[in-house]
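Beneath this line is the structure, given in structure tokens, with notes to follow.
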Ligand SMILES: Nc1ncnc2c1ncn2[C@@H]1O[C@H](COP(=O)(O)OP(=O)(O)O)[C@@H](O)[C@H]1O
Ligand SMILES: [Mg+2]
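In the numbering used here, the protein residues as written are 221 to 478.
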């Protein structure tokens, strides 16, 4: 497996609504419960909502800091120092993990330098953590801003449909254009009805045969996750013996064990 100094990077990919953010929250729960800490979670979706699933409030996003850097860096301070100072302040500290929110992508104008400083500061920050989790949006645009050299594990999340699984396979291929080394790409099919339909199994087998994805497993459609979402409560509170949590943890155990 590919290694780099600093945190092990785990990223989520998949089309909208498949369960990336839900699984990111469960992955945080997993890493914290197994003492695989400290963990830095990065919400890289422009419509950030990971914090809600974790019961946390957000004051400042990386996008806002990047904008402010352009006009607000005081005399006698480098842009690098400004960015580092504010990013450190923007880190939301929770029990066993921290959260950073990337926020809106840049507007018109030149952001090359700002993005390159952002990537440098993030790389330095990530050295303080054992795991860096990136919850992406479908396009994975923010992922390229972070300029990661290596992703240890990319979880590609799919809904339980023939087209969904095909899309997951396509998304797994997309990462080839990102110029980032990916250690393993693991397919998770989420919100699956029980028993698992045979036809779905066939589609999964085909997707795995045609790509460099390995099949991580099925996570069942979960009444408990649904209820937490409805009550707007943190997924971190779900008991570990909740079937969907158990399945997700089994997958994490298998692919994140060193
Ligand atoms: N296994 C599951 N069982 C029940 N509901 C789920 C499950 N996984 C996700 N959901 C629900 O599906 C919706 C989309 O999930 P989300 O994690 O926000 O997807 P994404 O981040 O990929 O857009 C949310 O309302 C979430 O609560
Ligand atoms: Mg999401």
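All residues carry an ideal CB built from backbone N, CA and C; glycine is no exception.
Note that the coordinates shown come from a computational prediction; the quantities given were computed from them, not determined experimentally.
Quick one: does the C-beta of residue 393 sit closer than 7 Å to a heavy atom of ligand 2? The closest heavy atom of ligand 2 lies 7 Å or more from the beta carbon of residue 393.
State the CB to CB distance for the pair residue 379 and residue 241, rounded to an integer number of angstroms; the pair is presumed to be in contact (CB under 8 Å). Between residue 379 and residue 241 the beta-carbon gap is near 14 Å, outside 8 Å, which marks them as no contact.
Does DSSP classify residue 441 as helix, strand or coil? Reduced to three states, the DSSP call for residue 441 is coil.
Helix, strand or coil for residue 291, going by three-state DSSP, please let me know. Helix, per DSSP.
Rounded to a whole number of angstroms, what is the C-alpha to C-alpha distance between residue 466 and residue 475? If I take the Cα positions, the gap works out to 14 Å.
Hey, how far is the Cα of residue 329 from the Cα of residue 233? When rounded, the distance between both Cα atoms is 28 Å.
What do you reckon, is the C-beta of residue 359 under 7 Å from a heavy atom of ligand 1? Residue 359 has its CB no nearer than 7 Å to any heavy atom of ligand 1.
Under three-state DSSP, which class holds residue 240? The answer is helix: DSSP assigns residue 240 an H, G or I state.
Let me check understanding here. Comparing Cα to Cα, which of 291, 351, 364 lies closest to residue 322? It is 364.
Do residue 473 and ligand 2 come close, with the Cβ less than 7 Å from some heavy atom? For ligand 2, not one heavy atom lies less than 7 Å from the Cβ of residue 473.
Who are residue 312's beta bridge partners in DSSP? Paired residue(s): 319.
Let me check understanding here. Comparing Cα to Cα, which of 248, 358, 448 lies closest to residue 468? Relative to the Cα of residue 468, the nearest Cα in the group 248, 358, 448 belongs to 248.
Using C-beta distances below 7 Å, list every residue in its chain close to residue 269, excluding the 5 sequence neighbours before and after it, in chain order. Same-chain partners within the cutoff: 241.
Between residue 428 and residue 318, what straight-line distance do the alpha-carbon atoms span, to the nearest angstrom? Distance between the alpha carbons of residue 428 and residue 318 is about 34 Å.
Within the present structure, is the beta-carbon of residue 445 separated from the nearest heavy atom of ligand 1 by less than 7 Å? For ligand 1, at least one heavy atom lies less than 7 Å from the Cβ of residue 445.
Going by C-alpha to C-alpha distance, which of 381, 349, 404 sits closest to residue 375? Per the Cα distances, 404.
When DSSP builds the beta bridges, which residues end up paired with residue 405? Bridge partners of residue 405: 374, 433.
Quick one: grab the DSSP three-state call for residue 263. When DSSP states are grouped into helix, strand and coil, residue 263 belongs to the strand group.
Considering only their Cβ atoms, is the gap separating residue 408 from residue 377 smaller than 8 Å? In contact: residue 377 and residue 408 (Cβ atoms closer than 8 Å).
Going straight from the alpha carbon of residue 299 to that of residue 286, what length do you get? Going from the Cα of residue 299 to the Cα of residue 286 covers about 10 Å.
Let me confirm a value: residue 442 is counted as buried when at least 16 other C-beta atoms fall within 10 Å, else exposed. Which label applies? Classification of residue 442: buried, given that the 10 Å Cβ count is 16 or more.
Which class does residue 410 belong to by DSSP, given the choice of helix, strand or coil? Under the three-state reduction of DSSP output, residue 410 falls in the strand class.
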